[in-house]
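*Asks:*
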Amino acid sequence: MDNVPIRDRHASIILVGLPGAGKRSLSFIAASYLGWRWISGGLYFHRATGISEKAFLDKFGHEQFQARMLDVVRQMLLQNPQEAVIDCGYASLHEPVHDLLQGYRTTRRVVHILRCYKQISRLDDLSEEALLRMQRPDHALHQCADFTYFNLHDSTAAAVLDDTTASATPHQSFALRSAKCDIESYVDRLLGRIPVKDTGVFSMAGLSLERRARSYVITLKLSDFASSTLDLTSLELCEDAVELKIDTVSNTLLRDTARFVASLRRHMDAELIYTIDTIVMAEARFTTDQLTSLLQFGARVAVDYITVDLEMPDAVLHAMIRNKSSTRLIGHKHFAPALGGGWLDPARSQSLQQSHYASLDVLRFTQEALSRDDNEGVVNFRREARSRVGHIPVIVAYNTGHLGRTSLVTSNVLVPVSPRFFPLNVMDASITEFDLQRATAALFHTYQYDSLIYTMVGDNVLQSRTPQMHNAAYKIHGLLHSFRPLVTSSFEDALHAWYQPDFGGSAVSYPYKEIACRACLETSPHASAIGSVNTVLPLRRSAKLPQQAALVRNTAGEAAGLYGDNSDWYGVYACLREAMSPWNSANIPKATTLVFGAGGTARAAVYALLQIGYRSIFLRNRTQSNAERVAAHFNKWAYDNLGTRSEVVRYLPALQSAWPTGQSLPSVIISCIPASRLNDTTTLPSIWLSNAHGGVAVDFSYAPVDTPLLSLVRRHEATTGQPWSTVDGLQILLEQGMRQFEQMTGRRAPVKTMRHAMYAEDSPE
1 MDNVPIRDRH
11 ASIILVGLPG
21 AGKRSLSFIA
31 ASYLGWRWIS
41 GGLYFHRATG
51 ISEKAFLDKF
61 GHEQFQARML
71 DVVRQMLLQN
81 PQEAVIDCGY
91 ASLHEPVHDL
101 LQGYRTTRRV
111 VHILRCYKQI
121 SRLDDLSEEA
131 LLRMQRPDHA
141 LHQCADFTYF
151 NLHDSTAAAV
161 LDDTTASATP
171 HQSFALRSAK
181 CDIESYVDRL
191 LGRIPVKDTG
201 VFSMAGLSLE
211 RRARSYVITL
221 KLSDFASSTL
231 DLTSLELCED
241 AVELKIDTVS
251 NTLLRDTARF
261 VASLRRHMDA
271 ELIYTIDTIV
281 MAEARFTTDQ
291 LTSLLQFGAR
301 VAVDYITVDL
311 EMPDAVLHAM
321 IRNKSSTRLI
331 GHKHFAPALG
341 GGWLDPARSQ
351 SLQQSHYASL
361 DVLRFTQEAL
371 SRDDNEGVVN
381 FRREARSRVG
391 HIPVIVAYNT
401 GHLGRTSLVT
411 SNVLVPVSPR
421 FFPLNVMDAS
431 ITEFDLQRAT
441 AALFHTYQYD
451 SLIYTMVGDN
461 VLQSRTPQMH
471 NAAYKIHGLL
481 HSFRPLVTSS
491 FEDALHAWYQ
501 PDFGGSAVSY
511 PYKEIACRAC
521 LETSPHASAI
531 GSVNTVLPLR
541 RSAKLPQQAA
551 LVRNTAGEAA
561 GLYGDNSDWY
571 GVYACLREAM
581 SPWNSANIPK
591 ATTLVFGAGG
601 TARAAVYALL
611 QIGYRSIFLR
621 NRTQSNAERV
631 AAHFNKWAYD
641 NLGTRSEVVR
651 YLPALQSAWP
661 TGQSLPSVII
671 SCIPASRLND
681 TTTLPSIWLS
691 NAHGGVAVDF
701 SYAPVDTPLL
711 SLVRRHEATT
721 GQPWSTVDGL
731 QILLEQGMRQ
741 FEQMTGRRAP
751 VKTMRHAMYA
761 EDSPE
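Residue numbers (UniProt numbering): 1 to 765.
Have a look at this one:
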């Protein structure tokens with residue numbers, strides 16, 4: 001069955017699957033995240049008939065239940081064509097509903113939810129008969145859906161909303177942390193949405209792999225995952241993408257593939273390139289239709305790229321182009337090695353003129369090198385190919401094998417490298433001697449990269465953990481840079497350092513965030529909206545435009561100006577999105593929040609809250625005029641950009657102990673006050689923590705990590721049982737630091753390495 005691309009991003013999402021697959025939880029989380037309506041099939045049936053599905057079945061029998069169920073589902077789908085996430089409930093199991101859903105394939109997104117059968121049945125040892133009872137309806141659901149999502153086990157889900165639970169306690173609503181992040185990432189890709197973080201010319205995620213200055217790829221095989229050779233939880237990914245090679249055939253091929261994709265998303269959060277091993281499929285005698293179906297399964301699980309081997313029948317490529325969705329297509333061809341310079345054969349570059357190649361995003365050509373001359377030949381081929389096709393598709397060409405390594409150094413897009421920390425048996429034999437560190441070392445040795453100095457400016461920079469995080473990340477990448485605290489007596493000292501030729505970038509702390517913003521020639525959209533920066537980058541005289549500067553990161557040169565960005569807001573944004581319960585996520589538009597402070601960090605916190613969707617924010621600060629200035633700034637911004645007609649940010653008098661009348665108690669509390677400046681304005685009446693559904697408390701300070709605010713919140717939770725989650729300053733530091741590293745270097749942040757370096761100071765000697 002062909003996948004049918006849906007162009008309307010507002011088309012409703014329908015979740016189908018076996019009972020216990022997690023449809024109710026996932027649909028609720030997805031609806032909350034998107035700000036769409038949540039529709040429960042079971043509750044909808046109850047409203048339509050006055051009784052539950054089970055009661056109706058018991059009272060009227062199977063035949064009448066089937067007919068009524070079909071009518072109710074038809075009505076439910078007709079009434080919710082857009083901006084709804086629908087849990088189809090038990091209706092998923094009924095064949096007439098399957099036929100009905102097939103009629104909606106062009107106007108809705110039907111997602112088949114898979115889950116481990118043992119977790120569904122809650123049995124460790126499934127009989128063959130029990131397994132078949134679940135496999136049959138799963139197969140039918142696969143046929144009526146166009147998308148597939150594998151619901152991985154979530155260790156936080158000891159007590160959660162499942163398909164048979166109608167409600168949850170506040171404590172239960174704090175479960176499903178991993179599943180929440182997984183499904184949110186999936187629907188972003190499903191709808192082709194760019195998350196709010198991905199803006200600004202220095203953002204990595206805002207650029208596709210083929211448009212980055214450099215991008216590196218490792219290859220992992222499905223056979224190794226299926227045989228448990230790979231332990232993804234312990235691995236560190238520094239490369240830009242994982243090429244998932246489907247190199248095995250079994251009765252559980254699609255389930256294994258969906259589970260592998262879900263595991264890679266959870267543990268590596270990488271761009272995924274979906275490739276099938278044509279030799280294996282040829283040995284399995286796959287037909288053209290089977291090859292097409294297997295390739296299209298990549299789009300079903302929402303991978304980022306699908307590779308189509310150009311040696312496949314033309315019908316396969318045409319089908320993939322015809323049904324192309326937000327997933328990008330790579331056309332791949334491996335040439336047989338040729339003596340005498342195969343890359344110089346005019347027929348190779350002339351073959352690029354095929355009209356349907358223009359519908360591809362990338363054309364990738366490879367050949368095993370027989371001599372070192374082939375490395376010069378492939379450079380000439382790239383130049384000739386790009387002159388023929390222009391910028392679309394992007395041309396990638398390199399040699400494989402020991403002699404072909406030089407071509408990998410001169411290549412810059414989708415460069416294959418070996419994964420350093422993986423078992424040798426899972427590595428690609430053609431590139432085992434070329435990992436990311438060696439690739440980076442080659443760039444320094446050939447003077448394509450320069451050693452740069454990065455700085456940290458502000459108060460108490462000698463106590464900052466930012467330098468150790470960045471230096472650890474440089475080391476694992478093989479970047480010959482250094483990150484240093486810069487002790488200054490004035491902001492002018494910082495400016496002097498920032499205009500040195502070997503300056504690579506700077507982290508900015510209190511009290512320079514707002515003045516640094518004013519010193520920048522250009523700022524990102526986020527920094528402009530916030531009015532403060534925590535990241536400064538040089539605009540080289542040879543690349544004055546930010547778009548150009550982003551392409552020459554890791555190189556020295558005279559600075560013509562500075563570019564400012566802000567990742568503080570994203571640190572708050574990411575930590576809040578992860579820490580808040582699904583219940584509180586669903587009630588964001590009605591919720592109230594409280595922010596302590598009115599400096600650059602408080603500005604970032606307010607902006608993060610507005611980006612999440614909060615529209616009632618109180619500021620509490622010692623100096624009223626400063627708080628009112630911040631409130632006025634964001635009220636104007638909200639009016640201009642969000643269309644709000646009332647004040648979204650208001651000042652809360654510093655010594656007021658009563659919560660404002662008519663306002664719900666806060667579900668988010670954020671302290672932006674440095675530990676050295678704590679005062680009476682940061683005291684919190686315990687009654688303000690009495691939101692029935694709990695909330696999230698955030699403190700930017702991490703000296704100490706267990707701040708007075710977070711200690712108070714934890715004591716309140718222990719005493720009252722009201723569920724509050726806490727986010728400390730180190731958690732925010734890691735999130736914003738990772739974004740900062742990526743902005744400064746154009747390289748993927750190694751999260752495990754940076755986290756370990758950040759906490760190393762707390763480890764006993």
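The beta carbon of each residue, even a glycine, is placed where N, CA and C say it ideally should be.
Taking just the CA atoms, how far does Leu176 sit from Ala158?
*Replies:* Bear in mind that the predicted position of Ala158 carries a pLDDT of just 47, short of 50, making it too unreliable to give a figure here.
*Asks:* In chain order, what residues of the same chain lie with their CB nearer than 6 Å to the CB of Glu742, ignoring the 5 residues before and after it?
*Replies:* Excluding sequence neighbours, Glu742 sits near Met204 and Ala749.
*Asks:* Nearest by alpha-carbon distance to Val91: which of Gly600, Lys23 and Glu128 is it?
*Replies:* The question names Val, but residue 91 in the sequence shown is Ala. Of the candidates Gly600, Lys23 and Glu128, the one whose C-alpha sits nearest the C-alpha of Ala91 is Lys23.
*Asks:* Kindly indicate which three-state DSSP category His171 falls into: helix, strand or coil?
*Replies:* With a pLDDT of only 46 at His171, under the threshold of 50, the placement of this residue in the model should not be trusted; the figure read from the coordinates follows. His171 falls in the coil class under three-state DSSP.
*Asks:* Please state whether the Cβ-Cβ distance between Asn534 and Asp493 is less than 7 Å.
*Replies:* Taking 7 Å as the Cβ cut-off, Asn534 and Asp493 do not qualify as a contacting pair.
*Asks:* Per DSSP, which residues does residue 782 bridge with? Please list them.
*Replies:* With the chain covering only 1 through 765, there is no way to say anything about residue 782.
*Asks:* Count the other CB atoms within 10 Å of the CB of Leu545; is the residue buried (16 or more) or exposed (fewer)?
*Replies:* Classification of Leu545: exposed, given that the 10 Å Cβ count is below 16.
*Asks:* Skipping 5 residues on each side, what residues in its chain have a beta carbon closer than 6 Å to that of Asp87?
*Replies:* Only Leu15, Lys23, Arg24, Ser27, Ser40 and Gly41 meet the Cβ criterion.
*Asks:* If Leu443 and Val389 are in contact, beta carbons under 8 Å, what's the gap, nearest whole angstrom?
*Replies:* Their Cβ separation, rounded to whole angstroms, is 26 Å, which puts Leu443 and Val389 out of contact at 8 Å.
*Asks:* So, with DSSP's three-state summary, where would you put Trp630?
*Replies:* Per the sequence shown, the amino acid found at residue 630 is Val instead of Trp. Helix, per DSSP.
*Asks:* When you compare the CB positions of Val461 and Ala579, do they come within less than 7 Å of one another, or not?
*Replies:* Not closer than 7 Å, so no.
*Asks:* When you compare the stretch 372 to 386 with the stretch 225 to 235, are there three or more beta-carbon pairs, one atom per stretch, that lie closer than 8 Å?
*Replies:* Contact between the stretch 372 to 386 and the stretch 225 to 235 is absent, because fewer than three Cβ pairs lie under 8 Å.
*Asks:* Here's the rule: buried if 16 or more other CB atoms are within 10 angstroms of the residue's CB, otherwise exposed. What is Leu59?
*Replies:* In the sequence on display, residue 59 carries Lys and not Leu. Classification of Lys59: exposed, given that the 10 Å Cβ count is below 16.
*Asks:* Would you mind reading off the limits of the alpha helix (DSSP H) that contains His477?
*Replies:* Here the alpha helix (DSSP H) through His477 covers Thr466 to His477.
*Asks:* Please state whether DSSP places Trp637 in a helix, a strand or coil.
*Replies:* Three-state result, Trp637: helix.
*Asks:* What first and last residue would you give for the alpha helix (DSSP H) that runs through Val533?
*Replies:* Val533 -> no alpha helix (DSSP H), and no H or E assigned at all.
*Asks:* If I measure Cβ to Cβ from Ala369 and keep anything under 6 Å in the same chain, skipping five residues before and after, which residues do I get?
*Replies:* Once the five neighbours on either side are set aside, the close Cβ partners of Ala369 are Asn399, Gly401, Leu403 and Gly404.
*Asks:* Determine whether the beta carbon atoms of Leu190 and Ala270 lie at a separation below 7 Å.
*Replies:* For Leu190 and Ala270, no; Cβs fall outside 7 Å.
*Asks:* If you compare alpha carbons, which of Val415, Val409 and His267 is closest to Thr219?
*Replies:* With distances taken between Cα atoms, Thr219 lies closest to Val415.
*Asks:* Does the beta-carbon of Ser173 have 16 or more other beta-carbons within 10 angstroms, so that it is buried, or is it exposed?
*Replies:* Because the pLDDT at Ser173 is just 45, under 50, the model does not fix this residue reliably, and the value given afterwards should be weighed accordingly. When all chains shown are included, Ser173 counts as buried.
*Asks:* Could you name the residues of the same chain whose beta carbon sits closer than 7 Å to that of residue 766, not counting the 5 residues immediately before and after it, in chain order?
*Replies:* Absent from the model: residue 766. The displayed extent of the chain is 1 to 765, so no value can be given.
*Asks:* What residue range is occupied by the uninterrupted alpha helix (DSSP H) comprising Phe491?
*Replies:* Phe491 -> alpha helix (DSSP H) spans Phe491 to Trp498.
*Asks:* Is Val751 buried or exposed, if buried means 16 or more other CB atoms sit within 10 Å of its CB?
*Replies:* Result: buried.
*Asks:* Between the alpha carbons of Ile522 and Cys116, how many angstroms are there, rounded?
*Replies:* The displayed chain sequence assigns Glu, not Ile, to residue 522. Going from the Cα of Glu522 to the Cα of Cys116 covers about 50 Å.
*Asks:* Under the rule that 16 or more other beta-carbon atoms within 10 Å means buried, what is Arg214, buried or exposed?
*Replies:* By the neighbour-count rule (16 or more Cβ atoms within 10 Å), Arg214 is buried.
*Asks:* In three-state DSSP terms, what is Asp162?
*Replies:* In this predicted model, Asp162 has a pLDDT of only 49, less than 50, meaning its place in the structure is not dependable enough to derive any value.
*Asks:* Pairing CB atoms from the stretch 526 to 541 with CB atoms from the stretch 560 to 576, are three or more of them under 8 Å?
*Replies:* In short, these stretches touch, since the Cβ pair count reaches three.
*Asks:* Using a Cβ-Cβ cutoff of less than 6 Å, which residues in the same chain neighbour Met427 once the five nearest sequence positions on both sides are dropped?
*Replies:* Its pLDDT being 49, under 50, Met427 is placed unreliably by the model, and the measurement read from it follows with that caveat. The residues are Ser418.
*Asks:* Run through the DSSP bridge pairs and tell me what Trp38 is partnered with.
*Replies:* DSSP output for Trp38 lists Val85 as bridge partner(s).
*Asks:* With C-beta atoms as the reference, is Thr593 less than 7 Å away from Val668?
*Replies:* The answer is yes: Cβ separation under 7 Å.
*Asks:* Go ahead and label Ile279 buried or exposed: buried means 16 or more other beta carbons lie within 10 angstroms of its beta carbon, across all protein chains shown.
*Replies:* So Ile279 ends up on the exposed side.
*Asks:* If you count every other CB in all the chains shown that lies within 10 Å of the CB of Tyr447, and 16 or more means buried, which is it?
*Replies:* It counts as exposed.
*Asks:* Going by beta-carbon coordinates alone, are Val536 and Ala516 separated by less than 7 Å?
*Replies:* Going by C-beta atoms, Val536 is nearer than 7 Å to Ala516.
*Asks:* Look at Ile330 and Tyr305 and say whether their C-beta atoms are less than 7 Å apart.
*Replies:* A contact, by the Cβ cut-off of 7 Å.
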